[in-house]
Amino acid sequence: MLGPFVAWLASREPYEGLRRRQVRVVERFLRWAAADRGDPRTRRERFESEIGVDGTAEAQAVGSALDRLAEHRRILAIAPFLDD
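Encoded structure:
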């Protein structure tokens with residue numbers, strides 16, 4: 056899952072430093088999510104709460120990275136229909 060996201064992100068984000076940061080956040084989230092047994096619909100919110108960045112500058116960076124992951128997942132979800 057991370058490899059295709061990294062490749063896609065490189066086409067979307069021109070700044071290497073920002074890409075690296077977003078990849079680190081997404082990788083951390085995916086590892087955390089793999090062990091999570093809670094409701095998938097609230098997974099992101101629980102992750103953000105658990106890492107304790109609410110109200111900090113880091114919260115915006117985490118949110119931005121997870122937004123990119125969500126965008127990537129939406130694209131993958133519609134991809135089978137693009138070939139029709």
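Residue 60 in the numbering used here sits at position 5 of the sequence shown; the count goes up by one each step and never skips.
Just so it is clear, CB atoms sit at the ideal spot from N, CA and C, and this is done for glycine as well.
Keep in mind it's a predicted model, so treat the numbers as computed, not measured.
(message) Here's a check: name, in chain order, each residue in its chain whose Cβ is nearer than 8 Å to the Cβ of R76, leaving out the five neighbours to either side.
(response) As a first step, residue 76 must be located in the sequence shown, where it is residue number 21. Closer than 8 Å at Cβ, skipping near neighbours: A116 and A120.
(message) So, for D139: in the same chain, excluding its five sequence neighbours on each side, which residues have a beta-carbon less than 8 Å away from its beta-carbon?
(response) Sequence index remark: in the sequence shown, residue 139 carries index 84 (1-based). Note on D139: pLDDT 49, under 50, position unreliable in the model; no value is reported.
(request) Measure the beta-carbon distance from R79 to L64 and round it to whole angstroms, keeping in mind my assumption that it falls under 8 Å. (result) Sequence index remark: in the sequence shown, residue 79 carries index 24 (1-based). Sequence index remark: in the sequence shown, residue 64 carries index 9 (1-based). That pair is no contact at about 12 Å.
(message) Classify L124: buried if its beta carbon has 16 or more other beta carbons within 10 angstroms, exposed otherwise.
(response) For the purposes of this step, residue 124 is identified with residue 69 of the sequence shown, where counting begins at 1. Result: buried.
(request) May I have the straight-line CA-CA distance separating E100 from A132, to the nearest angstrom? (result) Counting from one through the sequence shown, the residue named residue 100 turns up at place 45. Counting from one through the sequence shown, the residue named residue 132 turns up at place 77. One C-alpha to the other measures close to 21 Å.
(request) Could you check what DSSP says for E113 in three-state terms: helix, strand or coil? (result) Within the sequence shown, residue 113 is the residue found at index 58, counting from 1. Here E113 sits in helix by DSSP.
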